[in-house]
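As structure tokens, the structure follows; a few thoughts come after it.
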Amino acid sequence: MVVDKRGVVDFDGRDVCEMTFASQQLIPEDGVLKSLDIAKREKRRLRIKMGFDPTSADLHLGHAVPMMQLKRFQEAGHLPVVIIGDFTGRIGDPSGRNKSRPVVSPEALIRNASTYVDQLGKILDVSDIEIHYNSEWLGGMNLSRLIDILSRGSLSQIISRDDFRKRISSGSTIGLHEIIYPYLQGLDSVEVDADIEVGGIDQLYACQAARTLQKSYGRRPEALVLTPLLTGTDGSHKMSKSLGNYIGLNDLPSDMFGKVMSIPDSLIEEYIRLASSFDPQRASEYIRMLSEVSSNPMEVKLDLAYNIVETYHGSALADQALEFFNNQFRKGGKKSYITVEVDKPSSLPDLLVKIGAAKSRSDARRLIVQGAVKINSSKVSDIGYTIDSYDNVEVSVGKLRFYRLVETGR
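Be aware that the sequence shown starts at 1, since it is given in this note's numbering, and climbs by one per residue.
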């Protein structure tokens, strides 16, 4: 639809299939279609909600799957309403967990949340989104309000969840704060008057709680667009920072390109559907090519890697990442070293930040602990490692970054 800041002017003809491309479940099945009819009849934009608990500073491609759905609604003229769960993040989403999440301090949540707008801007037009922190309505909630909210839900529905049933049967503890989490998160939809909510399929119970609360408060329950969980680069588990099988939205272009190229060929179709920004027609064409006996999966994967890097870093850096990958791995050439001048010996985390191999000391420590750093071809896993002299020192980080150190003034 064609939109100005005052509201909807006319539809652009996009159909539901295009805007819900790559979704796994729609609740109800005709919910999005009915919402679009309401928007047209009332001549207004739909309010499309998506939420994040800022328990980590970095978003990855797994988080981006529902964000891509949100982008399609925005491109059709509707308003993304982003909820940053600075309050619910203190509880921790129990979805899919076999034990309680560790508590994250309010200070850490605020620090993590401060990075989200820039990362959202890699996919969405942040000049035309609405952002709320759910501490706005949860932070000052009194006991009477909480009891009123919980009286509208059902304990039997909550403990029927697969993850909770497994924890109960195994004798694991379930905290009372985890029981109320879906309804606190669900209240977000009531407060922002959401028409549609986009999220991962693991958010099903919280999204259903939102619909229950909206209906009990006399609102029209939101339609749900739930997306699959993206498999991590290991090909076995869902993408997770804690498992180290993730591709971060802030990863360096060459690292992002290399990580996409490292996925098993069996994941190419999934990444085309869920992680790329290909339009549905082009995605379908690539998937068709993969099914052909004569096709070369490597060529499709190269286009996929380029598309993902281009989405988050732009075409110029995607060109450089492709060239770097070809030089390193396809042409059998020698490793391409970046020569860096350094002034004095320092700890390894400080050095990695100084030469641009890590974004921060914490990022550097993570790389070291994960075994991604080598000094003169020897793996270093001690974050306290210090280089006494930079004479003839070569540093490699992962499979794609190589540095040759030169002392300043030599």
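Every residue, glycine too, gets a C-beta built ideally from N, C-alpha and C.
Predicted model, so just to flag it, every value in this text is computed and none were measured.
Residue i by DSSP, collapsed to three states: which one?
| i | result |
| --- | --- |
| residue 339 | strand |
| residue 27 | strand |
| residue 226 | strand |
| residue 50 | strand |
| residue 378 | strand |
| residue 412 | Within the shown structure, residues of the chain are numbered from 1 to 410, placing residue 412 beyond reach of any answer. |
| residue 62 | helix |
| residue 17 | helix |
| residue 258 | helix |
| residue 11 | Confidence at residue 11 is low in this model, with a pLDDT of 46, below 50, so its placement is unreliable and the value that follows should be read with caution. Coil. |
| residue 401 | strand |
| residue 396 | strand |
| residue 347 | strand |
| residue 178 | helix |
| residue 40 | helix |
| residue 386 | strand |
| residue 34 | helix |
| residue 231 | strand |
| residue 483 | What is shown of the chain runs 1 to 410, which leaves residue 483 out entirely. |
Let me know if residue i comes out buried or exposed under the rule of 16 or more other beta-carbons within 10 Å of its beta-carbon.
| i | result |
| --- | --- |
| residue 157 | exposed |
| residue 143 | exposed |
| residue 412 | Residue 412 lies beyond the residue range present for the chain, which begins at 1 and ends at 410; the question has no answer from this structure. |
| residue 360 | exposed |
| residue 243 | exposed |
| residue 81 | buried |
| residue 17 | exposed |
| residue 185 | buried |
| residue 263 | buried |
| residue 53 | buried |
| residue 181 | buried |
| residue 47 | buried |
| residue 155 | exposed |
| residue 369 | exposed |
| residue 166 | exposed |
| residue 278 | buried |
| residue 384 | exposed |
Check whether the Cβ of residue i lies closer than 7 Å to any heavy atom of the ligand GTP, and answer yes or no.
| i | result |
| --- | --- |
| residue 69 | The ligand GTP is not part of the structure shown, which contains no ligands of any sort. |
Using only CA atoms, which one of the options lies nearest to residue i?
| i | options | result |
| --- | --- | --- |
| residue 374 | 356, 348, 253, 360 | 348 |
| residue 416 | 32, 121, 64, 308 | This structure does not reach residue 416, given that the chain is present from 1 up to 410, and the question cannot be answered. |
| residue 151 | 125, 163, 136, 179 | 179 |
| residue 62 | 355, 270, 390, 196 | 270 |
| residue 239 | 224, 225, 190, 274 | 274 |
| residue 193 | 163, 221, 281, 284 | 221 |
| residue 448 | 241, 218, 24 | Look at the range of the chain in this structure, 1 to 410, and you will see that residue 448 is not part of it. |
| residue 66 | 237, 74, 50 | 50 |
| residue 232 | 260, 73, 163 | 260 |
In whole angstroms, give me the CA-to-CA distance for residue i and residue j.
| i | j | result |
| --- | --- | --- |
| residue 168 | residue 109 | 29 Å |
| residue 365 | residue 119 | 22 Å |
| residue 316 | residue 310 | 8 Å |
| residue 128 | residue 342 | 43 Å |
| residue 86 | residue 134 | 6 Å |
| residue 408 | residue 362 | 26 Å |
| residue 412 | residue 212 | Residue coverage of the chain in this structure runs from 1 to 410, which leaves residue 412 outside it and unanswerable. |
| residue 174 | residue 296 | 49 Å |
| residue 393 | residue 304 | 35 Å |
| residue 97 | residue 196 | For residue 97, the predicted model reports a pLDDT of 49, less than 50, meaning its position is unreliable; a value from the coordinates is still stated below. Approximately 26 Å, taken between the alpha carbons. |
| residue 246 | residue 235 | 11 Å |
| residue 396 | residue 389 | 17 Å |
| residue 122 | residue 312 | 5 Å |
| residue 30 | residue 281 | 23 Å |
| residue 183 | residue 258 | 41 Å |
| residue 276 | residue 145 | 43 Å |
| residue 405 | residue 290 | 43 Å |
Suppose only complete runs of 3+ residues qualify. What are the beta strand (DSSP E) ranges in the segment 185-224, listed by chain order? Here the runs fully enclosed are 196-200.
Alpha helix (DSSP H) segments (min. 4 residues) lying fully within the segment 73-134: 88-91, 106-113, 116-120
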